[in-house]
Amino acid sequence: MLKPLHRGALHRLAATCLVLVVLFGLSPMTVRSAWADQPYQSSNAGDQDYFRWASPVSSHLVETSAGDLMRVEYDEGADVLRIEEYADDGTLLSARTMGALELAPEGVTAAQDVLWGGFLAGSQNYFVATGQANPTESDDVHVVRVSKFDHAWNYISAVDLSGINTRVPFDAGSLRMLEAGGELYIRTAHTMYASDDGLNHQSNMTFVIDEATMQPVDGFWDVMNIGNAFGYVSHSFNQFVTELNGTAYALDHGDAYPRAVVIKRLGATGSSSYTEVLDIYGEIGDNSTGATVGGFAASETRGTLLAVGTSAPQDGSVRPGAGSRNVWLSVTPSDLGTTSFTWLTSFAADSTEEALNPVLAKVNDDLFMVAWNTSAGQLNYLFVDGTGARLGDIATVEGSVSDCQPIVHDGALVWYATGSGYSSTAPVFYRIDTATRELTTVDTTPGLSVGGIEPSYTYTGSAIEPKPVVTRGDATLAEGADYTLSYENNVHVGRATLKVTPSDGSEAAVVHFTVMPASLEDAQISVPEAYYTGRPLEPAPSVSFNGMALVEDRDFVIVSYDDNVEIGEGSVRLRGTGDFTDTVEVAFTIAEEPSDYGFPDVTPGDWYATRDVLGYALSHRLMNGYDNGLFGPYDFITRGQVACILYNMAGQPAATSPDFADVDYSEYYGGAIRWARAHGVVNGYGDNTFAPERIVSRQELCAMLANYAEKIGGMTIESDCTALDAISGADQVAGWARTVVGWAVDHAIISGEVVDGVAQVNPEGGAWRASAAKMVSVLHRDVL
0 MLKPLHRGAL HRLAATCLVL VVLFGLSPMT VRSAWADQPY QSSNAGDQDY
50 FRWASPVSSH LVETSAGDLM RVEYDEGADV LRIEEYADDG TLLSARTMGA
100 LELAPEGVTA AQDVLWGGFL AGSQNYFVAT GQANPTESDD VHVVRVSKFD
150 HAWNYISAVD LSGINTRVPF DAGSLRMLEA GGELYIRTAH TMYASDDGLN
200 HQSNMTFVID EATMQPVDGF WDVMNIGNAF GYVSHSFNQF VTELNGTAYA
250 LDHGDAYPRA VVIKRLGATG SSSYTEVLDI YGEIGDNSTG ATVGGFAASE
300 TRGTLLAVGT SAPQDGSVRP GAGSRNVWLS VTPSDLGTTS FTWLTSFAAD
350 STEEALNPVL AKVNDDLFMV AWNTSAGQLN YLFVDGTGAR LGDIATVEGS
400 VSDCQPIVHD GALVWYATGS GYSSTAPVFY RIDTATRELT TVDTTPGLSV
450 GGIEPSYTYT GSAIEPKPVV TRGDATLAEG ADYTLSYENN VHVGRATLKV
500 TPSDGSEAAV VHFTVMPASL EDAQISVPEA YYTGRPLEPA PSVSFNGMAL
550 VEDRDFVIVS YDDNVEIGEG SVRLRGTGDF TDTVEVAFTI AEEPSDYGFP
600 DVTPGDWYAT RDVLGYALSH RLMNGYDNGL FGPYDFITRG QVACILYNMA
650 GQPAATSPDF ADVDYSEYYG GAIRWARAHG VVNGYGDNTF APERIVSRQE
700 LCAMLANYAE KIGGMTIESD CTALDAISGA DQVAGWARTV VGWAVDHAII
750 SGEVVDGVAQ VNPEGGAWRA SAAKMVSVLH RDVL
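Under numbering that gives the first Met the number 0, think of the first position of the sequence shown as 0, with each following residue one higher.
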């Protein structure tokens, strides 16, 4: 009997968050049955492996009460759950399907919106988990359903879960279930509601459901830490759960908190309730860990927990996510004391060959098998006992593991893989005799097969559409005449799908390939020259890839600026993210301040021709010169130009606002005026005009800068005007402008024009572009 867990998590949250609907006595599920003449073709070989994060397990194998084998596989292309029964000789006995909508949470109306979670063959029942996305982050959306069937696939009941802090269930992780003590444990992942930083963070989550009533009795889906009763891990890229001596344990592939492969004793709290079996090198939340987790099992005889996975070196000798991976085996005592950690392979970090994510299969309480493929294609397997001791040598044969967990059947470990080398085929059943340790296979492949597709392709920015070689028997089929091709999710990094649909109406074949991140080293990166100011300079890099402009925080992040104060060469480090990987360092020049800043109409030595005024405005991209190469320091600035300056200062964010009647939005100031109106920084006139070419007075410019400081910078605009009144001409300031001009004087944004040695406010006089350069530089550098 499983020891009861601490029930606080559910009870604390149920009153405000968890909403459940338990569904009994519904109409029977429509299970479409047929005596089949050929198996369903898919591509799951190697699906247990992953580059950054795992995905829900689609392939399952069950021994039926009649002693046959039942294949349960979710077909994402057709949005159905496929159920096939096979004799031991590979004969397909029957095939049936269950539509995704019949398994979906309440409220789902389109089959393609159903998210697959997972399947468990329990002692008395089958359980299926599905979900749906919740983009509005509403507590009323049922994001997870767990359905219960008997072993004849008769529907019994289901429970829908909502209000569980979930935007996307099962995202960037997997789902595994454990049946113990009359309760169903579900360990999975989710993307949570947006947090205070505006981001949707990913973590694990856990549910415990009473099997008899199908009601949740415990769980956790909020933000906490690994020491809480359910072991919050964020990011958690793969999840497992098992039982040892009446206690439930979970295994997570952590990327941030903690950045480690971690075992958690569920129901216990504090630092003694978990242990990190593999520390992962690199920055918290980097996503690239260079590691995978492939299996988790318990030995009651030995009182141990066994886990397997792969990892590249985690000693800092290679960047996170780089380096060839090796298979590891960890053995941890039930009290989570000292873990024994063993490498089962020994590829060099720079090897062109590496190990793929292994599977761990339990034969009995003191006999386990670890099986894995290498990138060269060989299948390797090794038997160990509950202490991790090797029981013989590693066997190397031809074959594949998949996301199908091996089961014990007629004295053998049995699993299936569809295809080899990522082709789409019917299942090949693999059987390893647990006594002789010999491998045999049963191939159910029908006539149609799909090959010629590489396991992975590098992101290009465009749709990746590899052309397969499609055969039936000895005949090679022709695209168009014999079949059509369709692709899904084949632009961005992740798992892409190629569907081959025969023209004769027979079963379509599905092949998966991986779109891998492109290296940021292959991008075109330029950093503008910066002018020395005595302060750290951070010129914005311009990054493009295959003619496409890359976006900061989506495609890359700026890690740091170095040597960016003194004249000479500085550098900026960029790290790829999303569709890009690798870190690059790009140099830029910090130059001595030029005498005329590159403008023939700028007089060297003039009051504004300094690094703190014109140099600052230019190097921080607040202002530019004219197209004719002049700067026009003593030209009066216009309303359109001011809008552009403030728009530049804000970082040129996207904005929408109604059109002004007199603004040509294709002009250089179009986007800036649209942004300025949206934020009330520069307003128009009552007749819905903006007058972009109208000259701006000095007091009007003060008002526009004050608007920016208040609405964008969050400042309070106030002044007692004491400093203003000390300047000649203060009494000429309009009443409406007195506070903003006083505020500008208080902050040294404006100090007066010098006429015959006397500073004059001159509020109604036009503002020079040179004066504007001084005012915006002070605002940007010293005030905001």
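Here a beta-carbon is modelled for each residue, glycine too, at the ideal position from N, C-alpha and C. Predicted model only: the values in this text are computed from it and were never measured.
Taking each of Asp392, Ala477, Ser448 and Gly398 in turn and checking the Cα distance to Thr435, the smallest one comes out for Asp392. Assigned with DSSP and collapsed to three states, Ser505 falls in coil, not helix or strand. One Cα belongs to Glu752, the other to Gly713, and the distance between them is close to 29 Å.
Rounded to whole angstroms, Lys498 and Leu704 show a C-alpha spacing of 57 Å. Residue range Arg638 to Ala649 is occupied by the alpha helix (DSSP H) that includes Ile644, with no beta strand (DSSP E) assigned at that position.
With respect to Val514, Val550 sits apart: the two C-beta atoms are not nearer than 8 Å. Residue nearest to Ser271 within the set Gly289, Gly293 and Asn227 is Asn227 (criterion: CA-CA distance). Per DSSP, reduced to three states, the secondary structure at Glu101 is helical. Per the coordinates, the alpha-carbon of Leu645 lies some 37 Å from the alpha-carbon of Tyr458.
If you draw a straight line from the Cα of Tyr273 to the Cα of Leu412, it comes to about 31 Å. Closest in C-alpha terms to Phe382, from the list Phe579, Ala394 and Ala675, comes Ala394. Taking C-beta separations shorter than 8 Å and ignoring five residues to either side along the sequence, the partners of Asp600 in its chain run Leu629, Phe630, Gly631 and Pro632, following chain order.
Judged by their CB atoms, Ser570 and Ala586 are nearer to each other than the 8 Å cut-off.
Within the DSSP secondary-structure output, Met368 pairs in a beta bridge with Ala360 and Phe382.
Listed in chain order, the beta strand (DSSP E) elements of length 3 or more contained wholly in the region 402–434 are 406–408, 411–417 and 426–432.
Annotation note: the region 525–610 contains the following uninterrupted beta strand (DSSP E) runs of length 3 or greater, listed N- to C-terminal: 541–544, 555–561, 567–575 and 582–590.
In this structure Ile694 is in contact with Gly765, their Cβ atoms being roughly 5 Å apart against a cut-off of 8 Å.
Around the beta-carbon of Asn687, fewer than 16 other beta-carbon atoms lie within 10 Å, marking it exposed.
Taking every protein chain shown into account, the CB of Asn489 has 16 or more other CB atoms within 10 angstroms, so this residue is buried.
Gln238 is positioned such that its CB atom lies closer than 8 Å to that of Leu174.
Following the DSSP letters along the chain, one finds Ala705 inside the alpha helix (DSSP H) bounded by residues Arg697 to Lys710.
It is roughly 58 Å from the alpha-carbon of Met97 to the alpha-carbon of Val680. For Leu484, the enclosing beta strand (DSSP E) covers residues Tyr482 to Glu487. Distance between Pro134 and Tyr664, taken at the CA atoms: about 33 Å. The beta carbon of Ile716 sits closer than 7 Å to the beta carbons of Ala705, Ala708, Glu709, Thr738, Val739 and Trp742 from its chain, once the five residues preceding and following it are set aside; these are given in chain order.
For a cut-off of 8 Å, the C-beta gap from Gly289 to Ala311 is around 4 Å, short enough to register as a contact. When C-alpha distances from Asn627 are compared across Gly181, Phe598, Gly450 and Asn203, the shortest belongs to Phe598. In this chain, the alpha helix (DSSP H) harbouring Tyr615 covers Leu613 to Ser618. The three-state secondary structure of Trp742, taken from DSSP, is helix. Exclusion of the five residues before and after Glu487 leaves Thr496 as the residues of its chain whose Cβ lies within less than 6 Å of its Cβ.
CA-CA distance, Glu464 to Gly479, rounds to 15 Å. In the structure shown, the three-state DSSP call for Thr475 is strand.
When secondary structure is reduced to three states using DSSP, Val232 falls in the coil class, being assigned neither helix nor strand.
Ranked by Cα distance from Arg264, the first of Phe236, Ala297 and Tyr668 is Ala297. The beta strand (DSSP E) runs of length 3 or more contained entirely in the region 123–206 are, from start to end of the chain, 124–130, 141–149, 154–161, 165–168, 174–179 and 182–191. DSSP places Thr309 within a strand segment (E or B) once states are collapsed to three.
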